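Have a look at the structure below, then the notes.
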Amino acid sequence: MSTSGNAQRRPSQLFRNLNAKVASIPMILTALLVFLGGTVWTIVYSFTNSKLLPRLKFVGLDQYERLWSAPRWLTSIENLLVYGVLSLIFSLVIGFVLAALLDQKIRFEGVFRTIFLYPFALSFVVTGLTWQWILNPDFGVQNIVRAMGWESFTFNPLYDQDIVIYGILIAGLWQGTGLIMCLMLAGLRGIDEDIWKAARVDGIPMWKTYLFIVIPMMRPVFITTLVIIASGIVRLYDLVVAQTSGGPGGASEVPAKYVYDYMFLAQNLGQGFAASTMMLLSVAIIVVPWAYLEFGGHKRG
Amino acid sequence: MTSVSIRDLSLKFGALEVLKSLSIDIEDGEFLVLLGPSGCGKSTLLNCIAGLLDISGGQIFIKGRNVTWEEPKDRGIGMVFQSYALYPQMTVKGNLSFGLKTAKVPKDEIARRIARAAEVLQIEPLLERKPAQLSGGQRQRVAIGRALVRDVDVFLFDEPLSNLDAKLRAELRVEIKRLHHRLKNTMIYVTHDQIEALTLADRIAIMRNGIIQQLASPYEIYNRPVNLYVAGFMGSPGMNFLEGEFAPHGAAELSFGATKVPLDRYPFVSDERPSRVIFGIRPEHVTCGPASASEPFSTEVEIEVVEPMGADTLVWAILDGKEFRFRVDGQSEMREGDRVRIGFDPARASIFDAATELRL
Amino acid sequence: MADIQTLNTVAAGIDPVADRMSGPQGARPRRALSRRNIFLYGTLILVAAYYLVPLYVMIVTSLKGMPEIRLGNIFSPPVEITFEPWVKAWATACTGLNCDGLSRGFWNSVQITVPSVIFSIAVASVNGYALANWRFKGADTFFTILIVGAFIPYQVMIYPIVILLREIGLYGSLWGLVIVHSIFGMPILTLLFRNYFSSVPEELFKAARVDGAGFWRIYFVIMLPMALPIFVVAIILQITGIWNDFLFGVIYTKPDTYPMTVQLNNIVNSVQGVKEYNVNMAATILTGLVPLAVYFVSGKLFVRGIAAGAVKG
Numbered sequence: 001m002s003t004s005g006n007a008q009r010r011p012s013q014l015f016r017n018l019n020a021k022v023a024s025i026p027m028i029l030t031a032l033l034v035f036l037g038g039t040v041w042t043i044v045y046s047f048t049n050s051k052l053l054p055r056l057k058f059v060g061l062d063q064y065e066r067l068w069s070a071p072r073w074l075t076s077i078e079n080l081l082v083y084g085v086l087s088l089i090f091s092l093v094i095g096f097v098l099a100a101l102l103d104q105k106i107r108f109e110g111v112f113r114t115i116f117l118y119p120f121a122l123s124f125v126v127t128g129l130t131w132q133w134i135l136n137p138d139f140g141v142q143n144i145v146r147a148m149g150w151e152s153f154t155f156n157p158l159y160d161q162d163i164v165i166y167g168i169l170i171a172g173l174w175q176g177t178g179l180i181m182c183l184m185l186a187g188l189r190g191i192d193e194d195i196w197k198a199a200r201v202d203g204i205p206m207w208k209t210y211l212f213i214v215i216p217m218m219r220p221v222f223i224t225t226l227v228i229i230a231s232g233i234v235r236l237y238d239l240v241v242a243q244t245s246g247g248p249g250g251a252s253e254v255p256a257k258y259v260y261d262y263m264f265l266a267q268n269l270g271q272g273f274a275a276s277t278m279m280l281l282s283v284a285i286i287v288v289p290w291a292y293l294e295f296g297g298h299k300r301g
Numbered sequence: 001m002t003s004v005s006i007r008d009l010s011l012k013f014g015a016l017e018v019l020k021s022l023s024i025d026i027e028d029g030e031f032l033v034l035l036g037p038s039g040c041g042k043s044t045l046l047n048c049i050a051g052l053l054d055i056s057g058g059q060i061f062i063k064g065r066n067v068t069w070e071e072p073k074d075r076g077i078g079m080v081f082q083s084y085a086l087y088p089q090m091t092v093k094g095n096l097s098f099g100l101k102t103a104k105v106p107k108d109e110i111a112r113r114i115a116r117a118a119e120v121l122q123i124e125p126l127l128e129r130k131p132a133q134l135s136g137g138q139r140q141r142v143a144i145g146r147a148l149v150r151d152v153d154v155f156l157f158d159e160p161l162s163n164l165d166a167k168l169r170a171e172l173r174v175e176i177k178r179l180h181h182r183l184k185n186t187m188i189y190v191t192h193d194q195i196e197a198l199t200l201a202d203r204i205a206i207m208r209n210g211i212i213q214q215l216a217s218p219y220e221i222y223n224r225p226v227n228l229y230v231a232g233f234m235g236s237p238g239m240n241f242l243e244g245e246f247a248p249h250g251a252a253e254l255s256f257g258a259t260k261v262p263l264d265r266y267p268f269v270s271d272e273r274p275s276r277v278i279f280g281i282r283p284e285h286v287t288c289g290p291a292s293a294s295e296p297f298s299t300e301v302e303i304e305v306v307e308p309m310g311a312d313t314l315v316w317a318i319l320d321g322k323e324f325r326f327r328v329d330g331q332s333e334m335r336e337g338d339r340v341r342i343g344f345d346p347a348r349a350s351i352f353d354a355a356t357e358l359r360l
Numbered sequence: 001m002a003d004i005q006t007l008n009t010v011a012a013g014i015d016p017v018a019d020r021m022s023g024p025q026g027a028r029p030r031r032a033l034s035r036r037n038i039f040l041y042g043t044l045i046l047v048a049a050y051y052l053v054p055l056y057v058m059i060v061t062s063l064k065g066m067p068e069i070r071l072g073n074i075f076s077p078p079v080e081i082t083f084e085p086w087v088k089a090w091a092t093a094c095t096g097l098n099c100d101g102l103s104r105g106f107w108n109s110v111q112i113t114v115p116s117v118i119f120s121i122a123v124a125s126v127n128g129y130a131l132a133n134w135r136f137k138g139a140d141t142f143f144t145i146l147i148v149g150a151f152i153p154y155q156v157m158i159y160p161i162v163i164l165l166r167e168i169g170l171y172g173s174l175w176g177l178v179i180v181h182s183i184f185g186m187p188i189l190t191l192l193f194r195n196y197f198s199s200v201p202e203e204l205f206k207a208a209r210v211d212g213a214g215f216w217r218i219y220f221v222i223m224l225p226m227a228l229p230i231f232v233v234a235i236i237l238q239i240t241g242i243w244n245d246f247l248f249g250v251i252y253t254k255p256d257t258y259p260m261t262v263q264l265n266n267i268v269n270s271v272q273g274v275k276e277y278n279v280n281m282a283a284t285i286l287t288g289l290v291p292l293a294v295y296f297v298s299g300k301l302f303v304r305g306i307a308a309g310a311v312k313g
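Listed in order, the protein sequences are those of chains L, F and Y. Heads up, the first sequence is in this note's numbering, so the first residue is 1 and it goes up one at a time. Heads up, the second sequence is in this note's numbering, so the first residue is 1 and it goes up one at a time. Heads up, the third sequence is in this note's numbering, so the first residue is 1 and it goes up one at a time.
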């Protein structure tokens with residue numbers, strides 16, 4: 001038996017699975033060029049004084065100093081925090097309660113689920129415009145309550161600087177809670193039937209079973225949902241543009257809009273890059289600990 | 001003539017060494033079974049032979065040709081998988097012909113080969129059906145058929161019967177044996193089931209942690225295990241192990257506690273006489289009752305538990321304070337607490353060095 | 001004696017055993033209107049009404065004339081139904097200088113969505129397949145970058161993509177936007193397909209390799225026919241996602257090729273002229289119609305799609 005043959009020399013590693021590599025070129029390009037390259041590029045240029053066109057003239061932290069002293073940016077951040085915290089709490093609570101209600105082996109579950117989820121199929125622009133109309137002070141909710149006899153009733157979020165962000169929150173929750181409900185419902189359905197049986201035999205009241213047994217068991221679902229809501233919040237843009245265009249008087253500005261306006265309208269790229277880098281940072285603060293808990297933990301185990 | 005030859009094959013996943021410098025020569029027409037617990041590397045070895053895993057070192061020859069870096073399709077192998085791996089959207093015929101069409105075999109030749117395979121495996125009525133419409137046994141037949149139509153010299157079976165229920169498994173086991181008699185191909189068969197291994201194999205390779213422990217005929221493996229691991233792995237219920245030591249003058253006697261076993265009939269394979277040894281005797285090699293008086297060694301034990309298993313009965317007793325099992329006829333009546341006389345012939349026992357665990 | 005006594009009691013219809021064990025017997029009586037049910041269904045119906053109100057308001061507003069809107073409240077049904085706002089929204093509403101209504105945006109969106117859906121899914125499904133079955137060195141690294149990239153705010157990558165598209169001459173064109181949608185759809189779709197193909201038994205793939213099939217043959221003949229459900233999920237996910245997109249449309253297209261969402265926003269939020277709320281609402285419904293139709297037709301698959309899509313964050 002001789003060791004000769006066409007397979008004597010090991011074929012080059014580069015050409016093994018060649019087709020698979022060729023087919024993965026789009027993914028490799030996207031990952032390296034756009035996601036990695038683009039991010040690094042933006043971060044690098046956030047330290048330059050690029051105006052209309054990107055220029056590599058470094059100015060250190062100038063853009064960030066300007067950013068954090070701009071009232072508009074501070075308003076944006078404040079809005080995002082208010083919207084973010086409230087949206088997180090309400091999404092989780094409403095989403096979970098709706099899911100728990102639907103999980104009671106009720107009739108017409110499909111109908112209710114369809115109704116709760118349909119807003120999610122709509123775009124933020126459609127959502128924003130719809131709620132702009134419903135919250136319209138002259139024709140909408142305020143007008144109707146007043147017409148019913150409560151003359152002094154005031155609910156005019158879209159034209160009141162102090163509460164405009166709540167007007168956006170209402171629309172955002174209407175659009176997004178259906179998704180959270182769906183995720184929670186899937187989580188609830190994933191819980192072993194026997195847990196419920198055991199709790200019933202032990203005579204534990206339902207609310208206690210939810211609070212002390214089911215919710216702790218759903219920890220992974222809650223964490224995933226949290227990350228989803230959180231990274232959606234940071235991207236908040238279309239809804240604001242459609243519903244208020246950032247008004248009244250810039251009271252409903254958000255970071256994503258700040259970035260767009262400075263990059264494409266104000267011809268101040270450096271500010272846009274700095275602002276978007278700050279957005280990246282805030283996402284990293286949310287996602288990195290999560291990723292660490294979710295994936296880093298397993299490697300040790 | 002050697003059909004499959006594996007030389008110094010090793011496989012590493014990162015730092016993990018899955019196969020360690022394995023060498024086997026498999027004769028033409030031989031039925032070799034790779035046997036071992038899960039994770040021992042037996043399936044991995046089969047995948048390496050098939051070319052489905054890239055090896056880290058060594059060579060693989062099939063029919064005298066070095067196929068170490070060949071594509072699976074070019075190795076002259078057919079493979080049958082545990083989960084059948086039938087293409088769900090194709091009919092049985094489509095499943096059988098897919099590989100041949102890929103290899104651009106002429107149409108009439110494809111038809112001829114399918115007809116033959118269908119005849120051999122008795123699946124002619126199933127040819128137009130989809131896998132979902134077949135029972136587990138039928139699916140496995142089709143899977144074997146897919147290897148058959150390839151007209152290859154070497155068949156690889158990866159736990160082909162593990163997904164079937166006990167009765168069907170016994171049936172198909174016989175069929176595979178019949179198939180082997182008829183086709184006389186080389187077959188390499190991976191299983192964790194020792195009955196399958198003992199019934200089918202010309203030779204069994206017992207693997208553990210990526211190393212072949214013993215490669216021998218089923219008779220050899222069962223009666224003369226080369227080490228403690230093989231002795232313990234084969235047989236159900238397992239061999240009785242008693243720790244003991246050689247008598248101080250010469251080695252013609254072994255003692256554990258007060259019990260002394262004469263060894264003048266034991267066929268030693270080694271001249272080593274370590275101080276501590278493990279003495280093993282299979283439960284089925286122990287006789288019980290009056291017949292034990294004629295055995296070279298006999299003693300009295302107290303019965304602790306009796307497990308009737310139909311054809312025979314397994315008795316758990318205490319010998320010198322240690323657990324000791326033996327098998328008696330299913331008809332014999334024994335009760336917990338009885339004292340009975342048992343005996344055995346040390347020639348049928350196995351003695352291992354307690355330190356190296358190798359056969360003496 | 002005892003026998004006779006037993007006979008007597010039986011004859012008298014008195015079963016001593018049953019007598020001792022009296023109490024509930026047979027099925028437990030059920031009240032349809034238990035307090036629990038009233039609370040449960042009451043809450044659900046109330047919430048459902050809340051979710052439905054905006055849709056209702058949109059529809060009734062779009063069917064009213066402007067005079068009626070100015071007089072009445074937004075919840076009252078139209079006294080006189082008119083489809084004029086719909087016609088106007090579709091055919092003559094103005095954005096800037098164009099006065100050919102939303103129809104332009106609709107066709108733009110169709111032209112954007114169809115190739116984007118096809119292209120992004122084609123690329124991602126092959127990617128997912130390569131990742132699941134043909135793991136080559138480094139593949140996992142690229143995939144990790146891709147998934148991490150899904151969490152990066154779009155704003156960070158917008159401008160570099162503008163430059164890239166300008167370099168290859170596709171900035172502002174339809175195909176530029178198709179590429180952008182394929183890029184941003186890639187993480188979630190690749191994940192979706194990778195997970196699906198990973199769930200296909202590996203032995204099937206091995207069997208096909210022993211049968212001599214290569215990369216593309218296994219993909220088209222074995223994997224593709226098996227993956228039809230996941231393709232449907234991906235299509236639903238992409239149609240709604242791309243149709244509803246606003247940000248990329250506004251950045252990577254020109255006014256002539258604005259998708260429907262951008263045009264809708266421009267129509268409704270234009271500061272010129274008198275606000276025609278009925279036309280606005282008709283336009284809003286029209287824009288939401290395609291994803292709504294997809295949603296109502298696909299039902300359960302939509303839920304599967306968003307549950308999968310949810311991973312993208």
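Using N, Cα and C, we set each Cβ at its ideal position, and we do this for glycine too. No experiment lies behind these values; they were computed from the predicted model shown.
Beta carbon proximity, residue i to chain L, threshold 8 angstroms
| i | result |
| --- | --- |
| leucine 301 of chain Y | no |
| glycine 313 of chain Y | With a pLDDT of 34 at glycine 313 of chain Y, under the threshold of 50, the modelled position of that residue is not reliable, and the figure given next carries that caveat. Yes, glycine 313 of chain Y lies at the interface with chain L (some Cβ there is under 8 angstroms from its Cβ). |
| glutamine 155 of chain Y | yes |
| asparagine 278 of chain Y | no |
| phenylalanine 215 of chain Y | yes |
| asparagine 108 of chain Y | no |
Minimum Cβ-Cβ distance from residue i to chain F less than 8 angstroms
| i | result |
| --- | --- |
| arginine 135 of chain Y | no |
| aspartate 140 of chain Y | no |
| methionine 226 of chain Y | yes |
| glycine 72 of chain Y | no |
Contacting residues, own chain, Cβ-Cβ under 8 angstroms from residue i (five flanking each side not counted)
| i | result |
| --- | --- |
| isoleucine 207 of chain F | First, the amino acid is wrong: residue 207 of chain F is methionine here, not isoleucine. Hits under 8 angstroms: Leu34, Leu35, Gly36, Cys40, Gly41, Lys42, Leu45, Gln213. |
According to DSSP, residues forming a beta bridge with residue i
| i | result |
| --- | --- |
| glutamine 214 of chain F | F/Ile206 |
| tryptophan 316 of chain F | F/Val305, F/Arg325 |
| cysteine 288 of chain F | F/Ile342 |
| proline 262 of chain F | F/Glu253 |
| isoleucine 215 of chain L | Paired residue(s): none; isoleucine 215 of chain L is not in a bridge. |
| methionine 187 of chain F | F/Phe31, F/Phe155 |
| lysine 254 of chain Y | Looking at the DSSP assignment, lysine 254 of chain Y forms no beta bridge with any residue, so it has no partner. |
Residues near residue i in its chain [Cβ-Cβ closer than 6 angstroms; skip 5 each side]
| i | result |
| --- | --- |
| glycine 187 of chain L | Met218, Val221 |
| leucine 315 of chain L | Nothing about residue 315 of chain L can be reported from this structure: the residues present for chain L run from 1 to 301 only. |
| arginine 113 of chain F | Val149 |
Proximity test, Cβ basis, 8 angstroms: residue i and chain Y
| i | result |
| --- | --- |
| glycine 176 of chain L | no |
| methionine 79 of chain F | yes |
Buried versus exposed call for residue i [16 or more other C-beta atoms within 10 Å across all chains shown]
| i | result |
| --- | --- |
| arginine 166 of chain Y | exposed |
| phenylalanine 197 of chain Y | buried |
| glutamine 175 of chain L | buried |
| threonine 42 of chain L | buried |
| phenylalanine 13 of chain F | exposed |
Contact set for residue i: own chain, Cβ-Cβ below 7 angstroms, skip 5 residues either direction
| i | result |
| --- | --- |
| isoleucine 218 of chain Y | Phe205, Ala208 |
Practice problem: Using a Cβ-Cβ cut-off of less than 8 angstroms, give me the residues of the segment 186-198 of chain Y that come near chain L, in sequence order. | Solution: Met186, Thr190
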